[in-house]
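Mind the numbering: the sequence shown is residues 22 to 118 in the working numbering, read in order.
Just below is one structure, and these are the notes that go with it.
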Amino acid sequence: MEVRLAASALTDLADIQRYYAEQGVPDVGTRQTAELLTHIEHLETHPDIGRIVPEFNTPNLRELIHPPFRIVYWRGHERINIVRVWRSERLLRMPEK
22 MEVRLAASAL TDLADIQRYY AEQGVPDVGT RQTAELLTHI EHLETHPDIG
72 RIVPEFNTPN LRELIHPPFR IVYWRGHERI NIVRVWRSER LLRMPEK
């Protein structure tokens, strides 16, 4: 199955790297990002390994937990779209129009 990262997810990954660089440990940011991308790659062959996002209870909106992060994705029929990569303590909200 094809996996795509939305612009919002790419921004999240860049923000993770930037945060750790600002903390003086850029190697941690690089390692975290690499681990997150490896976890995401598993979705190509196992698209249903993530749980349903509890805030929405929508079967196609799923998440992988990679402490301390949540990898939120939309599971379509032919494609998976990675929507966000957030700290796990953040609650998801629908975007305002």
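Cβ atoms here follow ideal geometry from the backbone N, Cα and C, with glycine treated the same way.
Predicted model only: the values in this text are computed from it and were never measured.
Query raised in the report: Taking one C-beta from the stretch 99 to 108 and one from the stretch 29 to 48 each time, how about it: are there three or more such pairs within less than 8 Å?
Result: yes
Report task. Please classify residue 73: does DSSP put it in a helix, a strand, or coil? Result -> strand
Requested in this report: Note down the Cα distance separating residue 43 from residue 108, rounded to an integer number of angstroms.
Outcome: 17 Å
**Report entry** Residues near residue 100 in its chain [Cβ-Cβ closer than 8 Å; skip 5 each side]
**Finding:** 22, 23, 24 and 25
Query raised in the report: Using the beta-carbon count (16 or more within 10 Å), is residue 90 buried or exposed?
Result: buried
Query raised in the report: Looking only at C-alpha atoms, which of 72, 86, 98 and 79 sits nearest to residue 1?
Result: Nothing in the structure corresponds to residue 1, since the chain is present only between 22 and 118.
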